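Residue numbers (the working numbering): 2 to 306.
C-beta: ideal position from N, C-alpha, C; glycine also.
All values reported here derive from a predicted model rather than from experimental measurement.
What follows is a short report on a single structure.
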């Protein structure tokens, strides 16, 4: 994902892979990955990303020390799947919310009682530390980091290029209790596509249920089964993302953006924006209006250019 991100025709990330002992690294997929970088690569990295591993014990002491050093100098540190165990062993998750694959969440909580484990979510951002659930949630985490660095429009472009869904919210469930519906006519794909073309309209649950030719109760159940979100949560997410893109890519007044995104009023847009991003719409626009001279960000044991 990161190799595809360009800002003003320049690579936005310089990504490097490292390990305590460079050389072949065995994977559970039956092939080796040749890693040439050592832990010196972490020095000066803006972001350090720890991948999942089948071994959750015996973390190299030099890796733990390198992670602590990175945290002390203010690097962003992230993990995918069981990589959270490495961060916990380094003490970086003490007093913080974190997640991992649901299968290992109880073990993480038992072994590291100072970690506030949230087993139900895709990813958690707590200050400079970001942890994600299983492997697929790692894609969500990476898209989230891209969006944090460069805005929703860039992240959505990368998602389309990778043929994956746009950024899912971190609070979305890791899995759903009901089986995922088939791709046939019984799913809500057509209703979601219909709603996307009417995002600025005042759609209600009744409108969505009528289009899906079902009851509101059934609509809620099927929506959660297929997306992990209620219909209104899903619609709100789309509207906030639409507002993000308009703030980044246009000079439209905030009132017009509130209308075109379906959020209605400036106050509504402001409230949802602060809740989602921690920024007001004007502050978000200022932060994500990029210029050719803006410094590059680096991900995964990378050095700033």
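Scanning 114, 101, 105 for the CA closest to the CA of residue 122 turns up 101. For a cut-off of 8 Å, the C-beta gap from residue 277 to residue 255 is around 15 Å, too long to register as a contact. For residue 263, same chain residues with a beta-carbon under 6 Å away, outside a window of 5 residues either side, are 200, 201, 240 in chain order. Every beta strand (DSSP E) of 3 residues or more that sits fully in the region 54-82 is shown, in chain order, as 77-80. For residue 283, the secondary structure class from DSSP, reduced to helix, strand or coil, is helix.
Secondary structure of residue 15 (DSSP, three-state): coil.
Residue 124 sits in a strand when the DSSP states are folded into three classes. Listed as beta-bridge partners of residue 24 by DSSP are 36. For residue 159, the enclosing alpha helix (DSSP H) begins and ends at 153-162. When Cβ pairs closer than 8 Å are counted between the two stretches, the region 135-149 is seen to touch the region 75-90, the count reaching three or more. Under DSSP, the beta-bridge partners assigned to residue 7 are 12.
When the Cα atoms are used, residue 120 and residue 143 turn out to be separated by approximately 19 Å. The C-beta distance from residue 21 to residue 40 rounds to 6 Å, short enough to meet the 8 Å contact threshold. Residue state for residue 231 is assigned as coil, using DSSP reduced to three classes. In chain order, 2 place their CB closer than 7 Å to the CB of residue 163, counting only its own chain and leaving out the 5 sequence neighbours on each side. Short of 6 Å from the beta carbon of residue 97, and not among the five residues preceding or following it, lie these beta carbons of its own chain, in chain order: 127, 130.
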